[in-house]
Amino acid sequence: MIESKVKKAISVRFDPVDYSSYSAMVEDAGFSVSDGLRQLVAEKLRQADEVDMAGFSVTCHFRWKTPDVAFPEHIGNMLVSVTPPRGLPVDILQRLIFVIPEFWVDSGSSLVEPFRLDSAYFHRVTEEGYVRTSAKTSRNVMSFHLLKSRWRVAIFDYGCGCTIEELEARIQAAVTSHITQTIRCYLIGHLPASRVLPEELYNEMMSYRDESTLDQMMTI
Numbered sequence: 215m216i217e218s219k220v221k222k223a224i225s226v227r228f229d230p231v232d233y234s235s236y237s238a239m240v241e242d243a244g245f246s247v248s249d250g251l252r253q254l255v256a257e258k259l260r261q262a263d264e265v266d267m268a269g270f271s272v273t274c275h276f277r278w279k280t281p282d283v284a285f286p287e288h289i290g291n292m293l294v295s296v297t298p299p300r301g302l303p304v305d306i307l308q309r310l311i312f313v314i315p316e317f318w319v320d321s322g323s324s325l326v327e328p329f330r331l332d333s334a335y336f337h338r339v340t341e342e343g344y345v346r347t348s349a350k351t352s353r354n355v356m357s358f359h360l361l362k363s364r365w366r367v368a369i370f371d372y373g374c375g376c377t378i379e380e381l382e383a384r385i386q387a388a389v390t391s392h393i394t395q396t397i398r399c400y401l402i403g404h405l406p407a408s409r410v411l412p413e414e415l416y417n418e419m420m421s422y423r424d425e426s427t428l429d430q431m432m433t434i
């Protein structure tokens, strides 16, 4: 029986200097750039599979509210608590930059966003070189970092028609997957530098926050 494999072709942009150096290295060694990149992907997947995630957990606590007249779309809040794996120091966890999951669906004629998550303002990362915004719409920043290993989130409903149980399941699955894979990428040295706040910048950001009030601000 012949096993057929469908390979996916992708286009990748490189810094010209980096590409020239890399191609010269692998081609002088007797293999192609494509073979080298496939080897890199395979190696990172192996590392990701073997990384020690013992002790890691993500917990999502929801509090649903009766929509008010001023903001009828704001239907609830969520507090996410993260326990890092034993190989990730707690102070590094606070400096990792995460990106809010989005929930776009194809309506047939366009993409629509049936519900949305938004960080509390004190979690947002807005500094140049580290900020992330949505590629699909103009909106608030998507990048955020944890405070005391927690993330406070507002939930907005734009007519998704989901039950509370369905919303909780979809949100928890997306948030847990994103945080898990971000940490996994960091542990195997595969998270871009732009997704980790430098210690000096992090300390500067924290200097504007009153840590004694964080627990109260995190209340949902």
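Straight run, no breaks: the sequence shown in my numbering ends on number 434. We put the beta carbon where it would ideally sit given N, CA and C, even for glycine. Computed from a predicted model, the values in this text were never measured in an experiment.
Take residue i and list the residues in its own chain whose beta-carbon comes closer than 6 Å to its own, dropping the five residues that flank it on each side.
i           : result
residue 275 : 293
residue 250 : 240
residue 434 : 277, 291 and 293
residue 214 : Residue 214 lies beyond the residue range present for the chain, which begins at 215 and ends at 434; the question has no answer from this structure.
Indicate the three-state DSSP secondary structure (helix, strand or coil) for residue i in the structure shown.
i           : result
residue 417 : helix
residue 425 : helix
residue 225 : coil
residue 331 : strand
residue 246 : coil
residue 359 : coil
residue 175 : Since the first and last residues shown for the chain are 215 and 434, residue 175 lies out of range.
residue 234 : helix
residue 240 : helix
residue 215 : Because residue 215 carries a pLDDT of 44, less than 50, the predicted location of this residue cannot be relied on, and the following value inherits that uncertainty. DSSP places residue 215 in coil when its eight states are reduced to three.
residue 378 : helix
Determine the closest residue to residue i out of the options, with distance taken between C-alpha atoms.
i           : options               : result
residue 397 : 260, 257 and 266      : 266
residue 333 : 346, 350, 357 and 321 : 357
residue 399 : 384, 299 and 317      : 299
residue 395 : 352, 248, 272 and 414 : 272
residue 270 : 425, 390 and 252      : 390
residue 335 : 368, 242 and 230      : 368
Just mark residue i as buried or exposed, buried being the case when its beta carbon has 16 or more other beta carbons within 10 Å.
i           : result
residue 285 : exposed
residue 378 : exposed
residue 330 : buried
residue 406 : exposed
residue 343 : exposed
residue 245 : exposed
residue 224 : exposed
residue 425 : exposed
Does the distance from the CB of residue i to the CB of residue j come in under 8 Å?
i           : j           : result
residue 411 : residue 302 : no
residue 310 : residue 423 : no
residue 315 : residue 383 : no
residue 350 : residue 318 : yes
residue 419 : residue 366 : no
residue 392 : residue 313 : yes
residue 247 : residue 236 : yes
residue 222 : residue 404 : no
Under 8 Å Cβ to Cβ from residue i, same chain only, skipping five residues before and after it: list those, please.
i           : result
residue 287 : 281, 370, 371 and 372
residue 345 : 339, 355 and 357
residue 325 : 318, 319 and 350
Which same chain residues, not among the five before or five after residue i, have their C-beta less than 7 Å away from its C-beta?
i           : result
residue 215 : Because residue 215 carries a pLDDT of 44, less than 50, the predicted location of this residue cannot be relied on, and no value is offered for it.
residue 307 : 296, 298, 360 and 363
residue 428 : 361 and 362
residue 337 : 358, 359, 361, 365 and 366
residue 262 : 398 and 402
residue 348 : 316 and 356
residue 386 : 274
residue 438 : Because the chain is modelled from 215 through 434, residue 438 falls outside the range shown and cannot be assessed.
residue 253 : none
residue 341 : 415
Is there a Cβ from chain B that is less than 8 Å from the Cβ of residue i?
i           : result
residue 253 : In the displayed structure, chain B is absent; only one protein chain is listed.
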